[in-house]
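**Q** According to the numbering used here, the residues represented by the sequence shown are 1 to 699, in order. Quick reminder that beta carbons are idealized off the backbone N, C-alpha and C, glycines included. Handing you a structure now.
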Amino acid sequence: AAGFQLPVSSFTERPKLPDNYTQDTWQKLHEAVGAIQSSVSIKYNLEELYQAVENLCSYKVSATLYKQLRQVCEDHVKAQILQCCTDSLDSLLFLKKINKCWQDHCRQMIMIRSIFLFLDRTYVLQNSMLPSIWDMGLELFRNHVISDKQVQNKTIDGILLLIERERNGEAVDRSLLRSLLSMLSDLQQVYKESFEQRFLEETNCLYAAEGQRLMQEREVPEYLHHVNKRLEEEGDRVITYLDHSTQKPLIACVEKQLLGEHLSAILQKGLDNLLDENRISDLTQTYQLFSRVKGGQQILLQHWSEYIKNFGTTIVVNPEKDKDMVQELLDFKDKVDHIIEVCFQKNEKFINLMKESFETFINKRPNKPAELIAKYVDSKLRAGNKEATDEELERILDKIMIIFRFIHGKDVFEAFYKKDLAKRLLVGKSASVDAEKSMLSKLKHECGAAFTSKLEGMFKDMELSKDVMVQFKQVHLASSLHWYNINKLFYLFALQMIKLQEVFKTFYLGKHSGRKLQWQTTLGHAVLKAEFKEGKKEFQVSLFQTLVLLMFNEGDEFSFEEIKMATGVEDSELRRTLQSLACGKARVLIKNPKGKDVEDGDKFMFNGDFKHKLFRIKINQIQMKETVYVSVHLRSFCGMAEVLVLYQTHESNVTMSLLYLVGKRVTKPGDLKKRIESLIDRDYMERDKDNANQYHYVA
């Protein structure tokens with residue numbers, strides 16, 4: 001430092017030198033070291049000084065030279081510590097003073113070492129117990145400056161204060177921090193023992209308090225953004241001025257206090273909102289931050305699963321959502337797939353747990369999802385579906401198959417799918433044979449050949465029937481082994497229809513002896529011609545509509561009871577048929593009294609004043625209510641005896657004696673009670689409150 005003079009006595013112990021070696025060599029080295037430490041110019045040539053050291057070492061005075069050099073350096077450092085302790089400076093000025101002292105010391109030791117390099121590389125190198133000249137300088141600075149408690153505490157307090165200010169958003173001198181912390185690192189254990197321990201303790205306290213406070217004040221996205229910002233800031237401090245060894249414990253401290261202590265609270269407070277609102281960037285940040293903390297992914301997995309099950313359950317269990325259930329399931333599946341791909345980095349654990357969660361909630365309502373999925377497929381494969389191109393339809397079917405995998409009631413799906421496929425093929429309502437076969441291929445791949453064997457048989461039958469169709473217009477033939485077991489109900493056909501049946505029967509059996517024809521009357525349809533005051537019209541109608549309309553060739557007015565007796569159509573089916581003819585858009589019949597529903601005693605008249613802009617008019621049948629599908633469910637889950645019992649109880653209240661008569665066709669009377677008890681346990685039927693031997697069907 002300025003004003004420090006090299007003591008003359010430092011080099012008084014001079015060895016005996018040869019006569020030709022001048023005594024002023026000691027004086028030159030004395031003056032050179034003093035100039036360096038006083039920050040003034042050296043008046044001697046550095047090469048000359050280096051040669052002087054080499055000469056002294058050659059004449060066996062190396063030990064004395066090293067000892068005297070150390071003493072000179074130590075006296076200088078002592079003077080520096082004295083000046084630092086006596087100056088009354090604030091924290092920042094004190095840090096700058098220490099930093100200047102350190103920078104000067106390093107510069108001086110570099111110069112001194114360059115002059116005494118020969119000593120350093122010979123005598124010092126040969127004595128392993130002696131520190132090099134540079135290490136000697138570090139040792140002296142550590143022992144007399146930093147190891148002084150007053151200086152050390154004031155230095156570390158000042159550094160921590162600057163870091164605290166920077167964390168609070170103030171601008172600080174980062175180069176000063178970098179220099180001082182580099183000094184502590186160079187002084188070996190000073191950084192670890194004196195600085196790092198206190199730094200991490202204060203960091204821990206800071207972020208513990210900050211985490212508690214901000215969790216109360218901020219919403220989850222803002223809080224996570226703050227956590228990410230803090231992690232970036234601390235990472236930048238490591239790069240800029242902290243020692244690299246501090247990075248791991250520092251980042252771990254931030255993660256623990258801002259994340260690890262609040263994992264459950266963060267997810268409970270905000271995960272559902274992030275998922276509901278599909279906030280992709282925030283979900284991505286959540287996954288990335290939770291992946292940094294031990295146990296973070298596991299707790300995120302748990303909340304992820306709970307969300308899927310809770311949200312999915314609201315779709316499945318609410319009957320009011322049945323109309324849109326399948327589409328909502330597909331949309332929900334697309335949503336979670338996108339989140340897994342974009343936010344969760346396609347993590348297999350999240351994928352597998354998502355599948356388990358879907359399987360859990362979709363089966364909370366047995367059978368209904370399977371039924372509605374089959375209906376959804378039917379709506380997409382039915383002719384008239386203009387919503388999608390062939391490529392889009394294929395993608396929809398692929399997505400449907402993913403949902404299909406989750407359902408347990410695959411036999412229920414099969415029953416409904418077979419029934420709908422039969423209608424599409426027999427009535428010619430399939431949008432695309434390629435799409436039908438593609439769906440069949442997917443089902444076969446998923447469930448095996450046994451699952452689709454009868455479905456494939458339907459297509460073969462349709463191909464075979466084409467030959468017959470060429471010879472007999474618009475008649476479809478199918479093997480009863482392959483096709484859905486449509487109710488074999490018998491109706492009182494009009495004479496014209498019976499004649500046509502006999503014509504075809506004669507034609508077909510003449511070509512195929514030994515075969516038997518069964519008419520699937522419920523899928524029949526016809527085109528009727530009618531004359532009105534306005535002119536002729538053609539009606540495309542179902543079999544039941546045909547039977548009713550043909551009656552009006554014999555009279556202009558009939559009661560509900562007369563039509564029922566004449567046609568033999570089941571009560572509820574007839575009511576819906578008359579609704580379509582008398583209460584719909586195309587009112588071919590007039591109902592008296594007027595009203596939307598058909599009641600007992602209603603009368604129906606031919607509407608001679610019927611008008612319509614089209615020549616050919618299709619009259620749609622009124623759709624069945626959901627309860628008519630009970631027979632399909634029963635075929636999947638009940639024995640034949642149970643089906644017969646439920647068929648009877650569905651039509652009316654029945655007594656035990658009647659059930660015995662019904663059941664004895666397919667089972668022993670002794671087993672019938674077990675069947676009835678099983679149906680009562682499963683809520684298909686119930687005992688009459690007043691008569692224990694009477695039973696009621698439960699809708």
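Tell me which residue opens and which closes the beta strand (DSSP E) that G535 is part of.
**A** Here residue 535 is taken as the residue at index 535 of the sequence shown, counted from 1. G535 -> beta strand (DSSP E) spans 535–542.
**Q** When the distance is taken between beta carbons, is I115 closer than 9 Å to V33?
**A** As a working mapping, residue 33 is identified with position 33 in the sequence shown. As a working mapping, residue 115 is identified with position 115 in the sequence shown. I115 sits close to V33, with the two beta carbons spaced by under 9 Å.
**Q** Within a Cβ cutoff of 6 Å, which residues of the same chain sit near V53, ignoring the five residues on either side of it in sequence?
**A** Mapped onto the sequence shown, residue 53 falls at position 53. The answer, listed in chain order, is F116, F118, L119.
**Q** In this structure, how does DSSP classify Q694 when only helix, strand and coil are distinguished?
**A** Counting from one through the sequence shown, the residue named residue 694 turns up at place 694. Strand at Q694.
**Q** W134 and R113 look like a contact to me (Cβ under 8 Å); what is the Cβ gap, rounded to whole Å?
**A** Here the question's residue 134 lines up with position 134 in the sequence shown. Here the question's residue 113 lines up with position 113 in the sequence shown. The Cβ separation is near 6 Å, so the contact holds.
**Q** Do you know whose CA, among V190, I617, F606, C343, lies nearest E554's CA?
**A** For the purposes of this step, residue 554 is taken as the residue at position 554 of the sequence shown. The residue with the shortest Cα to Cα distance from E554 is F606.
**Q** Using alpha carbons as the reference points, say which of S430, G137, F451, L92 lies closest to D75.
**A** As a working mapping, residue 75 is identified with position 75 in the sequence shown. D75 has its Cα closest to that of G137, out of S430, G137, F451, L92.
**Q** Suppose you measure from the CA of N143 to the CA of H303; what does that come to, to the nearest Å?
**A** Counting from 1 along the sequence shown, the entry for residue 143 is found at position 143. Counting from 1 along the sequence shown, the entry for residue 303 is found at position 303. Going from the Cα of N143 to the Cα of H303 covers about 56 Å.
**Q** Between the Cα of L89 and those of Y59, V151, Y66, spot the shortest distance and give me the residue it belongs to.
**A** For the purposes of this step, residue 89 is taken as residue 89 along the sequence shown, with counting starting at 1. Here the closest residue by C-alpha is V151.
**Q** Check K613 in the structure and name its three-state DSSP category.
**A** Numbered from 1 along the sequence shown, position 613 holds the residue referred to as residue 613. Here K613 sits in coil by DSSP.
**Q** Can you give the Cα-Cα distance for G211 and L271, rounded to whole angstroms?
**A** Taking the first residue of the sequence shown as 1, we reach residue 211 at position 211. Taking the first residue of the sequence shown as 1, we reach residue 271 at position 271. Roughly 18 Å between the two C-alpha positions.
**Q** What separation, rounded to the nearest whole angstrom, lies between the Cα atoms of F507 and V527?
**A** Taking the first residue of the sequence shown as 1, we reach residue 507 at position 507. Taking the first residue of the sequence shown as 1, we reach residue 527 at position 527. Approximately 22 Å, taken between the alpha carbons.
**Q** Just to confirm, is the Cβ distance from L267 to L300 under 9 Å?
**A** Here the question's residue 267 lines up with position 267 in the sequence shown. Here the question's residue 300 lines up with position 300 in the sequence shown. In contact: L267 and L300 (Cβ atoms closer than 9 Å).
**Q** With a 10 Å radius around its C-beta and 16 neighbouring C-beta atoms as the bar for buried, classify N740 as buried or exposed.
**A** Because the chain spans 1 through 699 in this model, residue 740 falls outside it and cannot be assessed.
**Q** Would you report the Cα separation of E570 and T577, rounded to the nearest angstrom?
**A** In the sequence shown, residue 570 corresponds to position 570, counting from 1. In the sequence shown, residue 577 corresponds to position 577, counting from 1. Computed Cα separation, rounded: 10 Å.
**Q** What does the alpha-carbon distance come out to for the pair F504 and K333?
**A** Stepping through the sequence shown from its first residue, residue 504 is reached at position 504. Stepping through the sequence shown from its first residue, residue 333 is reached at position 333. Approximately 51 Å, taken between the alpha carbons.
**Q** May I ask you to report which of helix, strand or coil DSSP gives R424?
**A** The count along the sequence shown starts at 1 and reaches residue 424 at position 424. Helix.
**Q** On the CB-based measure, 16 or more other CB atoms within 10 Å of its CB, does Y660 come out buried or exposed?
**A** Numbered from 1 along the sequence shown, position 660 holds the residue referred to as residue 660. Because the pLDDT of Y660 is 47, which lies under 50, any placement of that residue in the model is unreliable, and the question is left without a value.
**Q** Going residue by residue through the segment 558–611, where are the continuous beta strand (DSSP E) segments of at least 3 residues, counting only ones entirely within it?
**A** Correct list: 589–592, 603–606.
**Q** Helix, strand or coil: how does DSSP classify H408 here?
**A** Sequence index remark: in the sequence shown, residue 408 carries index 408 (1-based). Three-state DSSP puts H408 in coil, outside helix and strand.
**Q** For Q474, which of helix, strand or coil comes out of DSSP?
**A** Working through the sequence shown from its first residue, we reach residue 474 at position 474. Confidence in Q474 is poor, its pLDDT being 49 and thus under 50, which makes the residue's placement too unreliable to answer from.
**Q** Would you call the segment 415–431 and the segment 369–381 touching, i.e. three or more CB-CB distances under 8 Å?
**A** yes
**Q** Determine, using beta carbons only, whether V220 and T286 come nearer to each other than 9 Å.
**A** For this step, residue 220 is matched to residue 220 along the sequence shown. For this step, residue 286 is matched to residue 286 along the sequence shown. It is a contact, given that the beta carbons lie within the stated cut-off.
**Q** Quick one: Cα of E352 to Cα of R279, how far?
**A** The residue you call residue 352 lines up with position 352 of the sequence shown. The residue you call residue 279 lines up with position 279 of the sequence shown. The sequence shown places Asn at residue 352, rather than the Glu named in the question. C-alpha separation (whole angstroms): 22 Å.
**Q** Please check the pair R178 and T240, which I expect to be a contact at CB under 8 Å, by giving their CB distance rounded to whole angstroms.
**A** Counting from 1 along the sequence shown, the entry for residue 178 is found at position 178. Counting from 1 along the sequence shown, the entry for residue 240 is found at position 240. With a Cβ gap of about 6 Å, R178 and T240 count as contacting.
**Q** Per DSSP, what kind of secondary structure is E74 in: helix, strand or coil?
**A** For this step, residue 74 is matched to residue 74 along the sequence shown. E74: helix per DSSP, three-state reduction.
**Q** Name the DSSP bridge partner or partners of K529?
**A** If you number the sequence shown from 1, residue 529 lands on position 529. K529 pairs with E538.
**Q** Spatial neighbours of H408 within its chain, please: CB distance less than 7 Å, with the 5 preceding and 5 following residues excluded, ordered by chain position.
**A** As a working mapping, residue 408 is identified with position 408 in the sequence shown. Closer than 7 Å at the Cβ level, and outside the excluded window around H408, lie N363.
**Q** Where does G312 land, buried or exposed, given buried means 16+ other C-beta within 10 angstroms?
**A** Taking the first residue of the sequence shown as position 1, residue 312 is located at position 312. Counting Cβ neighbours within 10 Å, G312 comes out buried, since at least 16 surround it.
**Q** Assuming M685 is part of the beta strand (DSSP E), what are its boundary residues?
**A** Against the sequence shown, residue 685 aligns to sequence position 685. Taken as a continuous stretch (DSSP letters only), the beta strand (DSSP E) holding M685 covers 685–687.
**Q** Looking at L500 and F552, is the spacing between their C-beta atoms short of 9 Å?
**A** Taking the sequence shown and counting its residues from 1, one reaches residue 552 at position 552. Taking the sequence shown and counting its residues from 1, one reaches residue 500 at position 500. Their beta carbons are not under 9 Å apart, which means F552 does not touch L500 by this criterion.
**Q** Bridge partners of S724, per DSSP?
**A** Because the chain in this structure spans residues 1 to 699, residue 724 falls outside the shown range and cannot be described.
**Q** Using C-beta distances below 6 Å, list every residue in its chain close to F358, excluding the 5 sequence neighbours before and after it, in chain order.
**A** Sequence index remark: in the sequence shown, residue 358 carries index 358 (1-based). Only F406 meet the Cβ criterion.
**Q** Quick one, are the C-beta atoms of L412 and N367 less than 9 Å apart?
**A** Along the sequence shown, one-based indexing puts residue 412 at 412. Along the sequence shown, one-based indexing puts residue 367 at 367. The sequence given here places Val at residue 412; Leu does not occur at that position. Going by C-beta atoms, V412 is nearer than 9 Å to N367.
**Q** Would DSSP call S291 helix, strand or coil?
**A** As a first step, residue 291 must be located in the sequence shown, where it is residue number 291. Of the three classes helix, strand and coil, the one that applies to S291 here is coil, per DSSP.
**Q** From L180 to L49, what distance separates their C-alpha atoms?
**A** The count along the sequence shown starts at 1 and reaches residue 180 at position 180. The count along the sequence shown starts at 1 and reaches residue 49 at position 49. About 33 Å.
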